[in-house]
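*Asks:*
Residue numbers (the numbering used here), protein chains in the order written: chain X, 44 to 157; chain V, 5 to 120.
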């Protein structure tokens, strides 16, 4: 079974721009969740999607949004980029929920904002 | 604020020795805990989990211990190998106080370095 795939692996953007990251979950997994990883804050939960609906949300501003498609693939969008958005963005999938079960992570998208 | 933390940010061990990585959590309502391993350039990889109705759980060369009295979690790796060198995170499933399912809180991580 193929693992979680995230594209692109690296991105460089300028302040004020927006960016879209993509995640393909493991086949059959319906829950996709997103995380931001930085040296200072560590791993932080952004949000979770299940059946095309955002089901859970962490403490991030509205500039961070996402969506999920009928095939469970998910995208995350960050608008009006700030320097502090530079981070590794990780996507994870699980069968039914991000909560209460092990997660399968992709290798992330490294976003650099200049 | 409340967070999952780690007692030791770095740990260096000799190959073949046992490793113990510690984690403290602060929310007594949390009922599910997971350990992940993250190698350089990769995403976190699930190692082992434990629910709050258990004190101990064993996997292949790994054991997780949960002490709910002092809100402490530990990961023991037996016969540590060079391939075990990575950053290890604990994670805590913390219920929301209202609505939806809950939040997933990660520790900052402990870097394990195995000397051959």
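All residues carry an ideal CB built from backbone N, CA and C; glycine is no exception. Remember, it's a predicted structure, so these values are computed and weren't measured experimentally.
1. Cβ of residue 92(X) within 8 Å of Cβ of residue 105(X)?
2. Please name the residues in the segment 142-155 of chain X whose beta-carbon is closer than 9 Å to at least one beta-carbon of chain V, in chain order.
3. Give the residues of chain X in contact with residue 46(V), contact being defined as C-beta atoms less than 7 Å apart.
4. What does DSSP give as the partner residues of residue 119(V) in its beta bridges?
5. How big is the Cα-Cα spacing for residue 131(X) and residue 152(X)?
6. On the criterion of 16 or more Cβ atoms from any shown chain inside 10 Å, does residue 124(V) qualify as buried, or is it exposed?
7. What's the call for residue 127(X), buried or exposed, on a 16-neighbour Cβ count within 10 Å?
8. Starting from the beta carbon of residue 106(V), find every residue of chain X whose beta carbon is closer than 7 Å, and list them in chain order.
9. Strictly by DSSP, which residues pair up with residue 153(X)?
10. Which chain V residues sit within Cβ distance under 7 Å of residue 88(X)?
11. Could you name the residues of chain V that residue 85(X) contacts, counting a contact when the two beta carbons are closer than 8 Å?
12. Starting from residue 40(V), follow the beta strand (DSSP E) in both directions and report where the run begins and ends.
13. Determine the chain X residues that contact residue 36(V) at a beta-carbon separation under 7 Å, and present them in chain order.
14. Kindly confirm or deny that the segment 32-44 of chain V and the segment 71-91 of chain V touch, where touching means at least three C-beta pairs closer than 8 Å.
15. Straight-line CA distance for residue 53(X) to residue 138(X)?
16. Opposite residue 96(X) in the DSSP bridges: which residues?
17. Going by other Cβ atoms of all chains shown within 10 Å of its Cβ, with 16 needed for buried, is residue 136(X) buried or exposed?
18. Counting only C-beta atoms, is residue 133(X) closer than 8 Å to chain V at any point?
19. Going by alpha carbons, who is nearest to residue 101(X) out of 141(X), 71(X), 83(X)?
*Replies:* Reading off the structure:
1. Locating residue 92(X) in the first chain gives position 49, where the first residue counts as 1. Locating residue 105(X) in the first chain gives position 62, where the first residue counts as 1. The answer is no: Cβ separation not under 8 Å.
2. 142, 143, 144, 145, 146, 147, 148, 149, 150, 151
3. The residue you call residue 46(V) lines up with position 42 of the second chain. Per Cβ cutoff of 7 Å: 150.
4. Taking the first residue of the second chain as 1, we reach residue 119(V) at position 115. 18(V), per the DSSP bridge assignment.
5. On the first chain, position 88 is the one that residue 131(X) refers to. On the first chain, position 109 is the one that residue 152(X) refers to. C-alpha separation (whole angstroms): 6 Å.
6. With chain V covering 5 to 120 only, the question about residue 124(V) has no answer from this structure.
7. Translated into the one-based positions of the first chain, residue 127(X) becomes position 84. Classification for residue 127(X): exposed.
8. The count along the second chain starts at 1 and reaches residue 106(V) at position 102. Simply 142.
9. By one-based count along the first chain, residue 153(X) stands at place 110. In the DSSP output, where bridge partners are listed per residue, residue 153(X) has 53(X), 131(X).
10. Position 45 of the first chain, counting from 1, holds the residue named residue 88(X). In chain order: 107, 108.
11. For the purposes of this step, residue 85(X) is taken as residue 42 along the first chain, with counting starting at 1. Simply 93, 110, 111, 112, 113.
12. Taking the first residue of the second chain as 1, we reach residue 40(V) at position 36. Its beta strand (DSSP E) spans residues 36-42.
13. Locating residue 36(V) in the second chain gives position 32, where the first residue counts as 1. Ordered by position in chain X, the residues that pass the 7 Å Cβ test against residue 36(V) are 143.
14. yes
15. In the first chain, counting from the first residue as 1, residue 53(X) sits at position 10. In the first chain, counting from the first residue as 1, residue 138(X) sits at position 95. Rounded to the nearest angstrom, the two C-alpha atoms are 27 Å apart.
16. As a first step, residue 96(X) is located in the first chain; it is residue number 53 there, counting from the start. Answer is 93(X).
17. As a working note, residue 136(X) is residue 93 in the first chain. So residue 136(X) counts as buried.
18. Counting from 1 along the first chain, the entry for residue 133(X) is found at position 90. Yes, its Cβ sits closer than 8 Å to a Cβ of chain V.
19. Sequence index remark: in the first chain, residue 101(X) carries index 58 (1-based). Ranking the options by Cα distance to residue 101(X), first place goes to 141(X).
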